[in-house]
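Undergrad:
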Amino acid sequence: MTRIKTGISILALAMLAGACSQTTTTEPAEVASNPPPSREGLAPGVFDAEEVSWNIELVHAERTPSAFAPDDAMWAPAVEMAIVQAMQAGEEVERPPSPISFANTDLAFSGDRVIMGNWHGFNVFETQADASVEHVLSVVCPGGQGDVSVHGNLVFRSVEDNRGRLDCGAGGVAEQSSAERFRGVQIFDISDMSNPRQVAAVQTCRGSHTHTVVPDLNDPSVIYIYNSGTSFVRPTSELDICSDGEPDENPDTALYSIDVIRVPLAAPEEAAIVNRPRIFADRETGEIAGLWAGGQLEEGAQETSVTNQCHDINVYPEMGLAAGACSGNGILLDISDPENPSRISEMSDPNMAYWHAAIFNNDANKILFTDEWGGGLGARCRAEDPETWGANVIADITENGLEGRGYFKIPNTQSESENCVAHNGSLVPVPGRDILVQGWYSGGISVIDFTDSNNPYEIAFFDRGPLDAEELYLGGNWAAYWHNGLVYAPEIVRGLDIFRLLPSEHLSANEIAAAELIRFEEANTQTQMRFEWPDEPVVALAYVDQLARSGALNDAMAMTVREAVNAGDAGADLMSALEQASAHAEDADARRFQALIGWFQ
1363 MTRIKTGISI LALAMLAGAC SQTTTTEPAE VASNPPPSRE GLAPGVFDAE
1413 EVSWNIELVH AERTPSAFAP DDAMWAPAVE MAIVQAMQAG EEVERPPSPI
1463 SFANTDLAFS GDRVIMGNWH GFNVFETQAD ASVEHVLSVV CPGGQGDVSV
1513 HGNLVFRSVE DNRGRLDCGA GGVAEQSSAE RFRGVQIFDI SDMSNPRQVA
1563 AVQTCRGSHT HTVVPDLNDP SVIYIYNSGT SFVRPTSELD ICSDGEPDEN
1613 PDTALYSIDV IRVPLAAPEE AAIVNRPRIF ADRETGEIAG LWAGGQLEEG
1663 AQETSVTNQC HDINVYPEMG LAAGACSGNG ILLDISDPEN PSRISEMSDP
1713 NMAYWHAAIF NNDANKILFT DEWGGGLGAR CRAEDPETWG ANVIADITEN
1763 GLEGRGYFKI PNTQSESENC VAHNGSLVPV PGRDILVQGW YSGGISVIDF
1813 TDSNNPYEIA FFDRGPLDAE ELYLGGNWAA YWHNGLVYAP EIVRGLDIFR
1863 LLPSEHLSAN EIAAAELIRF EEANTQTQMR FEWPDEPVVA LAYVDQLARS
1913 GALNDAMAMT VREAVNAGDA GADLMSALEQ ASAHAEDADA RRFQALIGWF
1963 Q
């Protein structure tokens, strides 16, 4: 082949021509033919609210089973506050059971089953070929918030409410201290779907707001549960391992720790707490309360909660890492010894009110944290609300530890009657990109690209109008999770939404098809599994689409590479050109070129 003096082939120059005339960016230019529609002013309703979507379609909406959806199941924070204030003023007020007792919460996946948690228990659905689901099981066991996980035939469920009972009965517990009360992690056996059984109930000091299944990669006979309790500490008279208070007065306080529960799979009834590690301690002094003490990091910043708990812990066992969203801090943990997690790094941020959830990208070199500003009970996406409050923050994992980068918040203005805040989500397994699908309560669901940590942007969304035009009710999509080709999103009041991503200028058909190659028989939303794509042509074509979108390949050369992919052979000249183009590319595009080269090899 003829070469010029620089050593770059004519073919490589042709490939690079499109990139030389513009600044390469991970974000595609605006395409006027498919601008995002407005999400503002959507008509309200429970099952007839106005809907709008962009680059994603709702394929099925399954209503909450009737036993979990009484007529008064919608909960209005303002109405509840008025009742409480009247009671405090000595007025006689008839107070019904809190309708929040029936809110849908998190999901777990096992085979064809989708398990949906609820304050009232949990429901199991079977997925169908047409992307719908069939309700097959309800387990009633009052006590919120009811987040669920699964391992084999075992379902784990979080209970934090003071009304929870060991026998799963209704009516709560009247006494301040009672052996009948349950607050912790339940374990159910659903091997016989006609007769689900509670086989264990692990009591914890602060209940269980969320929990995380942690496999032991060196011992498949056990799993661990990391339990995050966020409520008050139980009295010692109810659970003798518990005591309250700040550590300078009580070094045995149940605050400032998480619970590590060991579950022997052959005998799950023997599950028990084996460690309560002080993961917030000061590394040098050993002081138990070693992280953020609460308040403002700087003038004008958020009022941030004290770090004496974790809300969510996301584990990545194959990487030996965990990310904790822990009230006033985001933290990075070493879990190579799952029974003894230890803190590697931590960060704070003046824009974060309550660090709520965390997820790694597939390469585990960054973490996306969410901020639950207002606890999901307030309107937080109004025009006057800061774009960096109640948002996501991306942190890179560097040799110096966690370093904050960019923020993302859904780019729309919602009304006073819509509770909107960054909530739970998962990665969409598109090779070559970091993409998250996420629930925003009444802000709907959003799909964002955070490949460039400093510049995350939205590529798809779905939204509904509020439950009511005037009153703010707790509602909307608690979360959104990609699983085996579809997006499943529990709706707090309405039920379970199921979506399919659509090809667009932001996400090609090849990228979606490559994502659909990733299949897991079992998946828990806080137990991250590594994506490894098979050597299929569509994976290579996804990289080509990305390089063409960014401008690293011009149209003509993108076509040439696609033809080579379809033929299964690039040839020496094209391989040389790809190598040279890779050497001139930066960041994400350089990695895409290398992945493409590796595919041909």
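Under this note's numbering, the residues of the sequence shown are numbered 1363 to 1963, in order.
Ideal placement from N, C-alpha and C gives every residue a C-beta, glycine not left out.
1. Closest by CA to Asn1691, which one among Ile1706, Pro1679, Asn1702 and Ser1710?
2. Where Ser1944 and Ile1756 are concerned, what is the direct C-alpha to C-alpha distance, given to the nearest angstrom?
3. Are the beta-carbon atoms of Thr1615 and Ser1599 separated by less than 8 Å?
4. Would you report the Cα separation of Asn1839 and Thr1887, rounded to the nearest angstrom?
5. Quick check: what's the CA-CA separation for Asp1949 versus Arg1767?
6. Go ahead and pull the three-state DSSP assignment for Arg1425.
7. How would you write the range of the beta strand (DSSP E) that Gln1548 sits in, first residue to last?
8. Where DSSP assigns a beta bridge to His1845, which residues make up the other side?
9. What three-state label does DSSP hand His1976 in the structure shown?
10. Just checking, does the stretch 1881-1897 make contact with the stretch 1859-1868 on the three C-beta pairs under 8 Å criterion?
11. Mapping DSSP to helix, strand and coil, what is Val1502?
12. Would you list the residues sitting across from Trp1735 in a DSSP beta bridge?
13. Can you tell me the Cβ-Cβ gap for Glu1734 and Ala1684, rounded? I've got them flagged as a contact below 8 Å.
14. Could you check whether Asn1417 and Ile1810 sit closer than 8 Å to each other, using their CB atoms as the reference points?
15. Run through the DSSP bridge pairs and tell me what Ile1729 is partnered with.
16. Indicate whether the contact test is met: 3 or more Cβ pairs, each with one atom in the stretch 1898-1914 and one in the stretch 1849-1860, closer than 8 Å.
17. Using 8 Å as the threshold, is the C-beta distance between Ala1563 and Gly1591 below it?
18. Looking only at C-alpha atoms, which of Val1923, Ala1448 and Ile1772 sits nearest to Arg1401?
19. Indicate whether Ile1585 and Asp1578 have their beta-carbon atoms separated by less than 8 Å.
20. Select from Val1799, Ile1462 and Glu1749 the residue whose C-alpha is nearest the C-alpha of Ala1438.
21. What does the Cβ neighbour count give for Met1964, buried or exposed, with the cut at 16 atoms within 10 Å?
22. Quick one: what's got a C-beta closer than 6 Å to Thr1388's C-beta in the same chain, skipping five residues either side?
23. Hey, quick one: how far does the alpha helix (DSSP H) through Met1919 stretch, first residue to last?
24. Would you call Thr1385 buried or exposed, if buried means 16 or more other Cβ atoms sit within 10 Å of its Cβ?
25. Leaving out the 5 sequence neighbours to the left and right, which residues in its chain are closer than 7 Å to Leu1375 when beta-carbon positions are compared?
26. Tell me, which residues are paired with Ile1327 by DSSP?
27. Would you report the Cα separation of Trp1961 and Phe1955, rounded to the nearest angstrom?
28. Straight-line CA distance for Ala1851 to Asp1907?
29. Would the stretch 1499-1516 count as touching the stretch 1473-1491 if we require 3 or more Cβ pairs under 8 Å?
30. Which residue marks the beginning of the beta strand (DSSP E) containing Ser1912, and which one marks its end?
31. Would you kindly work out how many angstroms separate the C-alpha atoms of Tyr1678 and Glu1453, rounded to a whole number?
32. For Val1535, which three-state DSSP category applies?
33. With a 10 Å radius around its C-beta and 16 neighbouring C-beta atoms as the bar for buried, classify Arg1475 as buried or exposed.
34. Rounded to the nearest angstrom, what separates Phe1824 and Ala1842 at their Cα positions?
35. Which whole runs of the beta strand (DSSP E) in the stretch 1560-1609 are 3 residues long or more, in chain order?
36. Start and end of the beta strand (DSSP E) containing Asn1676?
TA: Per the coordinate set shown:
1. Locating residue 1691 in the sequence shown gives position 329, counting from the first residue. By alpha-carbon distance to Asn1691, the top candidate from Ile1706, Pro1679, Asn1702 and Ser1710 is Ser1710.
2. Locating residue 1944 in the sequence shown gives position 582, counting from the first residue. Locating residue 1756 in the sequence shown gives position 394, counting from the first residue. A direct Cα-Cα distance of roughly 26 Å separates Ser1944 from Ile1756.
3. Counting from 1 along the sequence shown, the entry for residue 1615 is found at position 253. Counting from 1 along the sequence shown, the entry for residue 1599 is found at position 237. Cβ distance not < 8 Å, so Thr1615 and Ser1599 don't count as in contact.
4. Taking the first residue of the sequence shown as 1, we reach residue 1839 at position 477. Taking the first residue of the sequence shown as 1, we reach residue 1887 at position 525. Rounded to the nearest angstrom, the two C-alpha atoms are 15 Å apart.
5. Reading the sequence shown from its first residue, position 587 is the one you call residue 1949. Reading the sequence shown from its first residue, position 405 is the one you call residue 1767. Going from the Cα of Asp1949 to the Cα of Arg1767 covers about 16 Å.
6. Here the question's residue 1425 lines up with position 63 in the sequence shown. Three-state DSSP puts Arg1425 in a strand.
7. By one-based count along the sequence shown, residue 1548 stands at place 186. Secondary structure note for Gln1548: its beta strand (DSSP E) is the uninterrupted segment Gly1546 to Asp1551.
8. For this step, residue 1845 is matched to residue 483 along the sequence shown. DSSP, once it has assigned bridges, lists Leu1848 as partnering His1845.
9. This structure leaves residue 1976 out entirely; the chain is present only between 1363 and 1963.
10. At 8 Å Cβ cutoff, the stretches do not touch.
11. Within the sequence shown, numbered from 1, the residue matching residue 1502 stands at position 140. In the displayed model, Val1502 falls within a strand according to three-state DSSP.
12. Here residue 1735 corresponds to residue number 373 of the sequence shown, with the count starting at 1. Answer by DSSP bridge pairing: none, since Trp1735 is not bridged.
13. The residue labelled residue 1734 in the question sits at position 372 within the sequence shown. The residue labelled residue 1684 in the question sits at position 322 within the sequence shown. Glu1734 to Ala1684, Cβ: 19 Å. No contact.
14. In the sequence shown, counting from the first residue as 1, residue 1810 sits at position 448. In the sequence shown, counting from the first residue as 1, residue 1417 sits at position 55. No, the pair does not count as a contact, with Cβ atoms beyond the cut-off.
15. By 1-based counting over the sequence shown, the position of residue 1729 is 367. As DSSP reads the structure, Ile1729 sits in a beta bridge with Phe1722 and Ala1757.
16. No, the stretch 1898-1914 does not touch the stretch 1849-1860.
17. Within the sequence shown, numbered from 1, the residue matching residue 1563 stands at position 201. Within the sequence shown, numbered from 1, the residue matching residue 1591 stands at position 229. No. Outside cutoff.
18. Indexing the sequence shown from 1 puts residue 1401 at position 39. With distances taken between CA atoms, Arg1401 lies nearest to Ile1772 out of Val1923, Ala1448 and Ile1772.
19. Along the sequence shown, one-based indexing puts residue 1585 at 223. Along the sequence shown, one-based indexing puts residue 1578 at 216. Remark: C-beta atoms of Ile1585 and Asp1578 approach each other more closely than 8 Å.
20. As a first step, residue 1438 is located in the sequence shown; it is residue number 76 there, counting from the start. Comparing Cα positions, the closest option is Ile1462.
21. For the chain, the structure presents residues 1363 to 1963; residue 1964 sits outside this window and is missing.
22. On the sequence shown, position 26 is the one that residue 1388 refers to. Because the pLDDT of Thr1388 is 38, which lies under 50, any placement of that residue in the model is unreliable, and the question is left without a value.
23. Looking up residue 1919 in the sequence shown gives position 557. First-last of the alpha helix (DSSP H) with Met1919: Asp1917 to Ala1929.
24. The sequence position of residue 1385 within the sequence shown is 23, counting from 1. At Thr1385, the pLDDT of 35 sits below 50, so the modelled position is not reliable; the number obtained from the coordinates is stated separately. Its Cβ having fewer than 16 others within 10 Å, Thr1385 is exposed.
25. As a working note, residue 1375 is residue 13 in the sequence shown. Model confidence at Leu1375 stands at a pLDDT of 49, short of 50, so the residue's coordinates are unreliable and nothing is read from them.
26. The requested residue 1327 is not part of the displayed model; the chain covers only 1363 to 1963.
27. As a first step, residue 1961 is located in the sequence shown; it is residue number 599 there, counting from the start. As a first step, residue 1955 is located in the sequence shown; it is residue number 593 there, counting from the start. One Cα belongs to Trp1961, the other to Phe1955, and the distance between them is close to 10 Å.
28. Here residue 1851 refers to the residue found at position 489 when the sequence shown is read from its first residue. Here residue 1907 refers to the residue found at position 545 when the sequence shown is read from its first residue. Straight through space, the alpha carbons of Asp1907 and Ala1851 are spaced by roughly 28 Å.
29. By the Cβ criterion, the stretch 1499-1516 is in contact with the stretch 1473-1491, since at least three pairs of Cβ atoms, one from each stretch, lie closer than 8 Å.
30. Your numbering for residue 1912 matches position 550 in the sequence shown. Segment Pro1899 to Ser1912 is the alpha helix (DSSP H) holding Ser1912; no beta strand (DSSP E) there.
31. Counting from one through the sequence shown, the residue named residue 1678 turns up at place 316. Counting from one through the sequence shown, the residue named residue 1453 turns up at place 91. Each residue's alpha carbon lies about 52 Å from the other.
32. Here the question's residue 1535 lines up with position 173 in the sequence shown. The answer is coil: DSSP assigns Val1535 none of H, G, I, E or B.
33. Position 113 of the sequence shown, counted from the first residue, corresponds to residue 1475. Burial call: buried.
34. If you number the sequence shown from 1, residue 1824 lands on position 462. If you number the sequence shown from 1, residue 1842 lands on position 480. The alpha-carbon of Phe1824 is positioned some 11 Å away from that of Ala1842.
35. If you keep only unbroken beta strand (DSSP E) runs of at least 3 residues inside the stretch 1560-1609, you get 1572-1577 and 1584-1590.
36. Reading the sequence shown from its first residue, position 314 is the one you call residue 1676. Unbroken beta strand (DSSP E) run through Asn1676: Asp1674 to Tyr1678.
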